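A short worksheet on the structure shown next.
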Amino acid sequence: LLDEPTNDLDVDTLRALEDAILQFAGCVLVISHDRWFLDRIATHILAFEGDSQVFWFPGNFQEYEVDKKRRLGEEAVQPHRIKYKKFSA
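Structure follows, in structure tokens:
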């Protein structure tokens, strides 16, 4: 389990991490906002798409975004502010 593994890594260390993940025979669960990193290492995406929707996609992040745009429209892949719902008692 790697939580934001690319934060604070220099280029050489990042490349070594990517190579190690690509050569690892097991499963690696990565939580990251680094799209380039996910494009390089991901074989599947588990995306939390809002409104309590979870989507499983076989492919890297770039392929996931193309599919998300096809499924949900152009506005789904554009950056936007998240609106939080207030808790009710």
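Residue numbers (the numbering used here): 306 to 394.
Note that beta-carbon positions come from the ideal geometry of N, C-alpha and C, so glycine has one too.
Treat the numbers as computed from the prediction; the structure is a model and nothing was measured.
Between residue i and residue j, how many whole angstroms is the CB-CB distance? I'm expecting something under 8 Å.
i	j	result
LEU366	ARG386	Checking the sequence shown, residue 366 turns out to be Phe, not Leu. Between ARG386 and PHE366 the Cβ distance is about 21 Å, and since that is not below 8 Å, they are no contact.
LYS373	ALA381	6 Å
Let me check one thing: in DSSP terms, what residues is residue i bridge-paired to?
i	result
GLN358	GLY355
HIS349	PRO363
ILE336	ASP308
In its own chain, which residues sit with a C-beta less than 7 Å from the C-beta of residue i, not counting the 5 before and 5 after it?
i	result
TYR369	ILE350, ALA352, PHE362
Less than 9 Å between the beta carbons of residue i and residue j, yes or no?
i	j	result
SER337	LEU307	yes
PRO310	LEU327	no
VAL335	LEU343	yes
THR348	GLY364	yes
Excluding sequence positions up to five away, which residues of its chain have a Cβ less than 8 Å from the Cβ of residue i?
i	result
LEU319	THR311, PHE342
Suppose the cutoff is 6 Å on Cβ atoms and the five residues either side in sequence are ignored; what does the same chain contact list for residue i look like?
i	result
ARG345	GLU323
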